[in-house]
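Engineer:
Chains as they are written, first to last, in the numbering used here: chain B, 56 to 366; chain P, 12 to 451.
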């Protein structure tokens, strides 16, 4: 871009009259017009609701009215609510189950499919195709897999005379069942991000490694992985932020059960604010989630940045 | 010439209006649950040909539209129970004109001034409150006014596979099923059933289910005369009576007297496939199950289908939990007189056609129909009509009954499946409900 500008600026005098070139980077009020639409929606749909949510969280509010100021009462009620604490644990457990798996499986698939063959292209499309489905379709598919007696899993186990694990209703398996469905659904994005990162690594480095007789493991460890480190961090941060917001799968597959063991924070917020009409407490839970996501994402970013600096 | 043209234009416009009656039709928006079945009944106006809740309500609304060309009803179907959506619609000022609401939920919306009292509208079309059964009228009346047109009373029932009951030797000489009269008898009969048939006595939808547990608990608390909602703002559930009920279901679960891991659809399929003796389900499936029993080759056709109210297992009042469906009308300031009149027509139509709705299996809300020979002649009404006397709801002042149902269901499920001790589950249920009610 800068090169193009230079060419245009130097080309002008050749015509004859020297015209002072306009500095398009100079501050101009009219430039604001270009970002105004974005700023408008960013402010009205994100910034204002953020502060409105904070305001609601310190009020006794229901869906149809905003009541009196109650200070931190809603937050106190939250930290004494066993179901909320359970939902916080559930959310962390779900993030722990899905984020490393998404990063590692995504990387593995990208490494396997980073080839210029037709099979690799077909498989890339296939693995990405689940990402375009809506959460409703994904959960419907996985319910058909998990459903007792007539589900795919039951049928397969039935061939061997065994009983299929109850992924929807078993307390120890329900969250794992949701995590499997989520990984299947979300694997496309990490894979594509890793693929694009892998394709940015200059081939001559690999050629140099080959000349040095480096084996595949050494190449992976010393060239590939360090080259895609930033993408790895990006994938981890994106997935942490996304998976902290688990809602649809849990709502449609288990309704948060059994015994609230698959109820994530977002489902707790939905339950509290929209099904029990306790909007103030729901807003307080939302603020807690906001802080948790912020801390998790920042911690991840800071830890990896420091390590990077040392390296 | 000019005059002729004007006259011609006026005549043409008049002809167009006459030719297309919907030109001036009053628009009403109706929102309902009961499922979607447009593929089968989307254009059917012969209600007698429809079966099941969805088929009958779809056909009834089609018929209303056909019979009333001056009114056009647009229907939105929501997933049961649809209250999350309705609440959002009310909050955004975009509520439908007429909406299905359970009697147990009316208080939530009525207490916020979101519903129109229907006394005047019903009076204008000649429907008086005394037309309804006591249960239906009381369920729809809040603060002395009617806030929903009652269309039925419903409850949970014992749906019985008679073929399996015969195999289990649980049939009286007159061919009726032997039902338990105490908790001990229930457990003994369930054991006998399991031994003789190799199948569980109960077909229940226990996978992440809450409503079934709650309704069962309410029924058996009523049967022990437990006044657990003496104060509508405070529940008492950590009681010996509640413990007896939970322990009974815990035993049923532990001894495999019930199916496990099935959701609602799965439980229906399992019962229709003959995988258990008794399905605990509502009045709404009586019509469908009866149709199945009349179809050759089905599990219910093999030895017959019977349906009964819950057996009396305790020494207290003869009672079981019941609720009802109503058509409620949203309060709107900008509603025209024509729209209000159209709403009146719609409500009268459903009152007049209450018999057709009762073919679903629900008990009619209109007194004259429940006493009619036509209703009594419907299959199984001789056994389930008793529910009209047995049915009991929570006190109408209790708010957030669906949220309470969720809490009780979650805790009972945890106790029944052994994830939680009974005492802890009941204590938690009590604490959570009281916390909810203290913060309305």
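We put the CB at the ideal spot given by N, CA and C, even for glycine.
Checking 7 Å against the spacing of the C-beta atoms, do residue 437(P) and residue 232(P) come in under that value?
Structural biologist: Your numbering for residue 437(P) matches position 426 in the second chain. Your numbering for residue 232(P) matches position 221 in the second chain. Cβ distance not < 7 Å, so residue 437(P) and residue 232(P) don't count as in contact.
Engineer: Looking at the unbroken alpha helix (DSSP H) that takes in residue 166(P), where does it start and where does it end?
Structural biologist: Position 155 of the second chain, counted from the first residue, corresponds to residue 166(P). Looking at the DSSP string, residue 166(P) is not in any alpha helix (DSSP H); the run it does join, the beta strand (DSSP E), is 163 to 172.
Engineer: Which residue from 440(P), 434(P) and 425(P) puts its Cα closest to that of residue 225(B)?
Structural biologist: As a working note, residue 225(B) is residue 170 in the first chain. Comparing Cα-Cα distances from residue 225(B) to each of 440(P), 434(P) and 425(P), the minimum goes to 425(P).
Engineer: Could you work out which residues of chain P lie near residue 137(B), taking near to mean beta carbons separated by less than 9 Å?
Structural biologist: As a position in the first chain, residue 137(B) is number 82, starting the count at 1. By Cβ distance, chain P contributes 439, 442 and 443.
Engineer: Ordered along the chain, which non-local residues of its own chain (more than five positions away) have a Cβ less than 7 Å from that of residue 42(B)?
Structural biologist: Summary: the structure shown does not reach residue 42(B), with chain B confined to residues 56 through 366, and so no result is reported for it.
Engineer: So is residue 314(B) in contact with chain P if we call contact Cβ pairs under 7 Å?
Structural biologist: Reading the first chain from its first residue, position 259 is the one you call residue 314(B). It does: the Cβ of residue 314(B) has a partner Cβ on chain P nearer than 7 Å.
Engineer: Check whether chain P comes within 7 Å of residue 186(B), counting only Cβ atoms and requiring the distance to be less than that.
Structural biologist: Counting from one through the first chain, the residue named residue 186(B) turns up at place 131. Chain P contact via Cβ: absent.
Engineer: In chain P, what lies closer than 8 Å to residue 329(B) by C-beta?
Structural biologist: Numbered from its first residue, the first chain carries residue 329(B) at position 274. The answer, in chain order, is 95, 98 and 99.
Engineer: Determine the chain P residues that contact residue 221(B) at a beta-carbon separation under 7 Å, and present them in chain order.
Structural biologist: One-based indexing of the first chain puts residue 221(B) at position 166. Per Cβ cutoff of 7 Å: 272.
Engineer: If you follow the beta strand (DSSP E) that residue 317(P) is part of, which residue opens it and which one closes it?
Structural biologist: Here residue 317(P) is taken as the residue at index 306 of the second chain, counted from 1. Element bounds for residue 317(P): 316 to 320.
Engineer: Along the region 409 to 427 of chain P, where does the CB come closer than 7 Å to a CB of chain B? Name the residues.
Structural biologist: 411, 414, 421, 424 and 425
Engineer: Which residues of chain P have a Cβ atom closer than 8 Å to the Cβ of residue 5(B), listed in chain order?
Structural biologist: With chain B represented from 56 up to 366, any question about residue 5(B) goes unanswered, as that position is not in the structure.
Engineer: Where residue 235(P) and residue 103(B) are concerned, what is the direct C-alpha to C-alpha distance, given to the nearest angstrom?
Structural biologist: Translated into the one-based positions of the second chain, residue 235(P) becomes position 224. Translated into the one-based positions of the first chain, residue 103(B) becomes position 48. Rounded to the nearest angstrom, the two C-alpha atoms are 53 Å apart.
Engineer: Can you tell me the Cα-Cα spacing of residue 183(P) and residue 135(B), whole angstroms?
Structural biologist: As a working mapping, residue 183(P) is identified with position 172 in the second chain. As a working mapping, residue 135(B) is identified with position 80 in the first chain. Rounded to the nearest angstrom, the two C-alpha atoms are 54 Å apart.
Engineer: Compute the Euclidean distance between the alpha carbons of residue 32(P) and residue 96(P), then round it to the nearest angstrom.
Structural biologist: In the second chain, counting from the first residue as 1, residue 32(P) sits at position 21. In the second chain, counting from the first residue as 1, residue 96(P) sits at position 85. With a pLDDT of 46 at residue 32(P), under the threshold of 50, the modelled position of this residue cannot be trusted; read the value that follows with caution. Looking at the two C-alpha atoms, the distance is approximately 33 Å.
Engineer: Quick check on the DSSP output: the alpha helix (DSSP H) that includes residue 38(P) runs from which residue to which?
Structural biologist: Looking up residue 38(P) in the second chain gives position 27. Element bounds for residue 38(P): not the alpha helix (DSSP H) but the beta strand (DSSP E), 37 to 43.
Engineer: Assign residue 387(P) to buried or exposed, taking buried as 16 or more other Cβ atoms, counted over all protein chains shown, within 10 Å of its Cβ.
Structural biologist: Counting from one through the second chain, the residue named residue 387(P) turns up at place 376. It counts as exposed.
Engineer: Return the CA-CA distance between residue 88(P) and residue 72(P), expressed in angstroms with no decimal places.
Structural biologist: Within the second chain, the letter at position 77 stands for residue 88(P). Within the second chain, the letter at position 61 stands for residue 72(P). One C-alpha to the other measures close to 12 Å.
Engineer: Quick check: the region 212 to 227 of chain B against the region 249 to 256 of chain B, are at least 3 beta-carbon pairs closer than 8 Å?
Structural biologist: no
Engineer: Counting beta carbon pairs with one atom in the region 348 to 367 of chain P and one in the region 116 to 135 of chain P, are three or more of them shorter than 8 Å?
Structural biologist: Enough Cβ pairs lie closer than 8 Å, so yes.
Engineer: What's the gap between the Cα of residue 431(P) and the Cα of residue 313(B)?
Structural biologist: On the second chain, residue 431(P) is found 420 positions in, with the first residue counted as 1. On the first chain, residue 313(B) is found 258 positions in, with the first residue counted as 1. The alpha-carbon atoms of residue 431(P) and residue 313(B) are separated by roughly 11 Å.
Engineer: Specify, as a first and last residue, the run of the alpha helix (DSSP H) that residue 139(B) falls within.
Structural biologist: As a first step, residue 139(B) must be located in the first chain, where it is residue number 84. Residues 137 to 168.
Engineer: Hey, out of 138(B), 128(B) and 124(B), whose CA is closest to residue 320(B)'s CA?
Structural biologist: Within the first chain, residue 320(B) is the residue found at index 265, counting from 1. Per the Cα distances, 138(B).
Engineer: Hey, which unbroken runs of the beta strand (DSSP E) at 3 residues or more fall wholly within the region 71 to 134 of chain P?
Structural biologist: 82 to 88 and 109 to 113
Engineer: If we cut at 7 Å on Cβ distances, does residue 215(P) have a partner in chain B?
Structural biologist: What you label residue 215(P) is simply residue 204 of the second chain in a count that begins at 1. It does not; no Cβ of chain B falls within 7 Å.
Engineer: So, with DSSP's three-state summary, where would you put residue 33(P)?
Structural biologist: Working through the second chain from its first residue, we reach residue 33(P) at position 22. For residue 33(P), the predicted structure reports a pLDDT of 45, less than 50, and the residue's modelled location is therefore unreliable. The matter cannot be settled from this model.
Engineer: Find out if the Cβ-Cβ distance for the pair residue 168(P), residue 62(P) is shorter than 7 Å.
Structural biologist: Walking along the second chain from the start, residue 168(P) turns up at place 157. Walking along the second chain from the start, residue 62(P) turns up at place 51. No. Outside cutoff.
Engineer: Once you ignore the five residues that flank residue 380(P) on each side, which residues in its own chain have a CB closer than 8 Å to its CB?
Structural biologist: Taking the second chain and counting its residues from 1, the one referred to as residue 380(P) is at position 369. The residues are 365, 366, 369 and 386.
Engineer: Is it the case that the Cβ atoms of residue 109(P) and residue 338(P) are separated by a distance below 7 Å?
Structural biologist: The residue you call residue 109(P) lines up with position 98 of the second chain. The residue you call residue 338(P) lines up with position 327 of the second chain. A contact, by the Cβ cut-off of 7 Å.
Engineer: Residues of chain P with CB closer than 8 Å to the CB of residue 149(B), please, in chain order.
Structural biologist: Locating residue 149(B) in the first chain gives position 94, where the first residue counts as 1. Correct list: empty, because the minimum Cβ distance to chain P is about 17 Å.
Engineer: Are residue 376(P) and residue 143(P) touching if we call contact CB-CB under 7 Å?
Structural biologist: Stepping through the second chain from its first residue, residue 376(P) is reached at position 365. Stepping through the second chain from its first residue, residue 143(P) is reached at position 132. Their beta carbons are under 7 Å apart, which means residue 376(P) touches residue 143(P) by this criterion.
Engineer: Does any CB atom of chain B fall closer than 7 Å to the CB of residue 123(P)?
Structural biologist: Reading the second chain from its first residue, position 112 is the one you call residue 123(P). Yes, contact with chain B.
Engineer: Considering only DSSP beta bridges, list what residue 157(P) is partnered with.
Structural biologist: Residue 157(P) sits at position 146 when you count from the first residue of the second chain. Answer is 152(P).
Engineer: For residue 62(B), name the three-state secondary structure that DSSP assigns.
Structural biologist: Position 7 of the first chain, counted from the first residue, corresponds to residue 62(B). Residue placement at residue 62(B) is flagged as unreliable, the pLDDT there being 43, under the threshold of 50; the coordinate-derived value follows with that caveat. DSSP places residue 62(B) in helix when its eight states are reduced to three.
Engineer: Examine chain P for any beta-carbon lying closer than 7 Å to the beta-carbon of residue 319(B), and answer yes or no.
Structural biologist: Your numbering for residue 319(B) matches position 264 in the first chain. Closer than 7 Å: no.
Engineer: Is residue 302(P) near residue 166(P), with beta carbons less than 7 Å apart?
Structural biologist: On the second chain, residue 302(P) is found 291 positions in, with the first residue counted as 1. On the second chain, residue 166(P) is found 155 positions in, with the first residue counted as 1. Their beta carbons are not under 7 Å apart, which means residue 302(P) does not touch residue 166(P) by this criterion.
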